[in-house]
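Working notes for the structure below.
Numbering (mature numbering (1 follows the signal peptide of the UniProt record, and there is no 0)), first residue to last: -25 to -1, 1 to 607.
See the structure below:
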């Protein structure tokens, strides 16, 4: 079946003093002939049809496609392996979070066995138009200002908080200010932290999920007894550049209403909804989206005295991989597959470690060992409580209601935090060498710089190191506390022969255990204990620190906030792309997704990745216009 969104009309618009006739609209189809019969050449080919995978939003292709095709001179082909499921309630209903797990909406990725527990991990990645923005938890947060500034410190001019916040992250956002009723129920925000005119709708559920809102209030207030000094009042905003504290969550949703007087159904605001489906039915005839097809590799033009340049992309139908097709690119191939797929795609294209490629009989286009290194995720653990009497399953609200971003002293106490920081400091060189030895990064100097910056964030800048989410699970009549580390010390790798996240080394494991102990303490506070009937997980048999260690050891899991596998660093420090997201050693290829981030953030990723996409689109358009001027 072909999915074609096309209404014929004849409109005229101006661009650079030229007139163009529009005869059809943007196209979403699984029919290769429909795409290639119009043109086998495109200005830009974008590999991946998501946001920016994973449990968060890590591949932002549709953002870039939307921004580029504002210019009618630019034609864009997006190649996405997943299906176009615009009206699937598993996607559109924010209350359906979790139903996509292990379904046809996900890729079936599994890690290698990990050093702790000798267990593999399921790695959650969306396989649908819109990518993981169609299945994630929708939380809309940003890291600390210093974490974005660190991108510039690592050799990437222009990548800092001031620029990313004002020009790119807020540009993507259309924030719905909370209603009076929502603020009366405990919602806090800072107006300056949000954009109002972007494409991704964000805000708070309306109707607000009560009686659960009473539970969130109690948990927020009780947090101060467990995490000394944590902020629980004032204008706490998890998008402000200082997420420390505990507050209500905002989400990538279209709220049921902006009114106190009426409320409808909340709707997920995925990248497909925001940047494609919301287009006018007669808009963007220069935008072509091919679904249910997998990009195989880049095809190259070889030059005797110049680096190879991208000629096009080979792809095949998911339903029939025996037949391959080729789309020709005029300008650039933009790789936007996410941190688990962009690096393997580059390797299949001959860009990666020479030894690996030659062992697999892949012709080496560019010897770039950094591709596939620096893989990071945030590992976590669940506590689960029976609260059937508080569940409301009719408001189509996201699962999480509030979140605490907790610093090291609040988890370990001042003396424990000081000892932890000193251990990080004294073991830095040893850990950097171990990262290089295990394939986490290719440069000892680069690994040292990354760990040093992370040490400063934890030890000096007091960045949040643990997130504690309070999550309603109406389908199971329970609510959960999801606890995970935010700034892991490990670095893994992913290659076309392995998936090796190295999820929890011993140092990070200590934080997970202590955070789990703090969660038990929080839920045994008198004000909280009356709000549930039974602790289901870890259960009453888990009592001592040793019990918690064993429980975490056996049950920790990947969160799905994967980053780093095509790191944006100077090549001498183990980088694979430069500050313009261009892949070293070749021409006409950029990577724009969470894989370019060299360090983790104290945040959910999607707002940041949308910002990466907005910045990438601006850089590409600026270069396109510069080229046109030079041709005149």
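Glycine included, every Cβ here is placed at the ideal spot set by N, Cα and C.
For residue i, count the other beta carbons within 10 Å of its own beta carbon; 16 or more makes it buried, fewer makes it exposed. Which is it?
{"i": "residue 52", "result": "buried"}
{"i": "residue 108", "result": "buried"}
{"i": "residue 543", "result": "buried"}
{"i": "residue 401", "result": "exposed"}
{"i": "residue 26", "result": "Low confidence applies to residue 26: its pLDDT is 46, below 50, so where it sits in the model is not reliable, and the reading given next is rough at best. Looking at its Cβ environment, which holds 16 or more other Cβ atoms inside 10 Å, residue 26 is buried."}
{"i": "residue 255", "result": "exposed"}
{"i": "residue 299", "result": "exposed"}
{"i": "residue 69", "result": "buried"}
{"i": "residue 405", "result": "exposed"}
{"i": "residue 215", "result": "buried"}
{"i": "residue 29", "result": "For residue 29, the predicted model reports a pLDDT of 42, less than 50, meaning its position is unreliable and no value from the coordinates is stated."}
{"i": "residue 157", "result": "buried"}
{"i": "residue 146", "result": "buried"}
{"i": "residue 31", "result": "The predicted position of residue 31 is uncertain, since its pLDDT is 47 and thus under 50; a value taken from the coordinates is nonetheless stated next. With 16 or more Cβ atoms within 10 Å of its Cβ, residue 31 is classed as buried."}
{"i": "residue 398", "result": "exposed"}
{"i": "residue 263", "result": "buried"}
{"i": "residue -12", "result": "Confidence in residue -12 is poor, its pLDDT being 29 and thus under 50, which makes the residue's placement unreliable; the coordinate value appears in the next sentence. Counting Cβ neighbours within 10 Å, residue -12 comes out exposed, since fewer than 16 surround it."}
{"i": "residue 139", "result": "buried"}
{"i": "residue 334", "result": "exposed"}
{"i": "residue 478", "result": "In this prediction, residue 478 has a pLDDT of 43, which is less than 50 and means its spatial position is unreliable; nothing more can be read from the coordinates."}
{"i": "residue 394", "result": "exposed"}
{"i": "residue 575", "result": "buried"}
{"i": "residue 353", "result": "buried"}
{"i": "residue 169", "result": "buried"}
{"i": "residue 518", "result": "exposed"}
{"i": "residue -19", "result": "Legend: pLDDT at residue -19 = 25, less than 50; position of this residue unreliable, no value from coordinates given."}
{"i": "residue 278", "result": "exposed"}
{"i": "residue -3", "result": "Confidence at residue -3 is low in this model, with a pLDDT of 42, below 50, so the placement of that residue should be treated as unreliable; the coordinate-derived value is given next. It counts as exposed."}
{"i": "residue 4", "result": "buried"}
{"i": "residue 502", "result": "exposed"}
{"i": "residue 328", "result": "buried"}
Could you give the residue range of the beta strand (DSSP E) that holds residue i?
{"i": "residue 262", "result": "262 to 265"}
{"i": "residue 362", "result": "Counting along the chain, residue 362 falls outside any beta strand (DSSP E), and DSSP gives it neither H nor E."}
{"i": "residue 566", "result": "564 to 566"}
{"i": "residue 198", "result": "That residue, residue 198, is in no beta strand (DSSP E); its alpha helix (DSSP H) goes 187 to 201."}
{"i": "residue 222", "result": "220 to 223"}
{"i": "residue 443", "result": "441 to 448"}
{"i": "residue 274", "result": "268 to 276"}
{"i": "residue 3", "result": "2 to 4"}
Taking a contact to mean a Cβ-Cβ separation below 8 angstroms, would you say residue i touches residue j in this structure?
{"i": "residue 506", "j": "residue 379", "result": "no"}
{"i": "residue 153", "j": "residue 373", "result": "no"}
{"i": "residue 440", "j": "residue 446", "result": "no"}
{"i": "residue 331", "j": "residue 541", "result": "no"}
{"i": "residue 54", "j": "residue 288", "result": "yes"}
{"i": "residue 422", "j": "residue 407", "result": "yes"}
{"i": "residue 356", "j": "residue 530", "result": "yes"}
{"i": "residue 57", "j": "residue 36", "result": "no"}
{"i": "residue 572", "j": "residue 595", "result": "no"}
{"i": "residue 306", "j": "residue 19", "result": "yes"}
{"i": "residue 228", "j": "residue 178", "result": "yes"}
{"i": "residue 226", "j": "residue 113", "result": "yes"}
{"i": "residue 568", "j": "residue 314", "result": "yes"}
{"i": "residue 161", "j": "residue 188", "result": "yes"}
{"i": "residue 38", "j": "residue 589", "result": "yes"}
{"i": "residue 577", "j": "residue 461", "result": "yes"}
{"i": "residue 523", "j": "residue 492", "result": "yes"}
{"i": "residue 14", "j": "residue 50", "result": "yes"}
{"i": "residue 490", "j": "residue 443", "result": "yes"}
Kindly indicate the opening and closing residues of the alpha helix (DSSP H) around residue i.
{"i": "residue 459", "result": "Careful: residue 459 lies outside any alpha helix (DSSP H), inside the beta strand (DSSP E) at 453 to 460."}
{"i": "residue 423", "result": "419 to 434"}
{"i": "residue 589", "result": "581 to 606"}
{"i": "residue 20", "result": "No alpha helix (DSSP H) holds residue 20; the beta strand (DSSP E) holding it covers 16 to 22."}
{"i": "residue 256", "result": "Counting along the chain, residue 256 falls outside any alpha helix (DSSP H), and DSSP gives it neither H nor E."}
{"i": "residue 503", "result": "501 to 504"}
{"i": "residue 577", "result": "Taken as a continuous stretch (DSSP letters only), residue 577 belongs to no alpha helix (DSSP H), as it is neither H nor E."}
{"i": "residue 10", "result": "7 to 11"}
Sort out for me which residues DSSP pairs residue i with in a bridge.
{"i": "residue 149", "result": "176"}
{"i": "residue 512", "result": "359"}
{"i": "residue 231", "result": "BP columns for residue 231 are empty, so no partner."}
{"i": "residue 243", "result": "228"}
{"i": "residue 608", "result": "Residue 608 cannot be examined here, being either before or after the span of the chain that is shown, -25 to 607."}
Legend entry - Contiguous alpha helix (DSSP H) assignments of at least 4 residues, all confined to the segment 383 to 408: 383 to 401
Inset, instruction - Note down, one range per segment and in chain order, each alpha helix (DSSP H) of at least 4 residues found wholly within the segment 526 to 557. - result: none
Legend entry - Residue ranges of each alpha helix (DSSP H) within the segment 289 to 351, 4 or longer: 317 to 323, 329 to 334
Inset, instruction - Counting only runs of 3+ residues fully inside the segment 35 to 66, write out the beta strand (DSSP E) ranges in chain order. - result: 51 to 54
Inset, instruction - Taking only runs that begin and end inside the segment 103 to 161, name each unbroken beta strand (DSSP E) of 3 or more residues, in chain order. - result: 148 to 150
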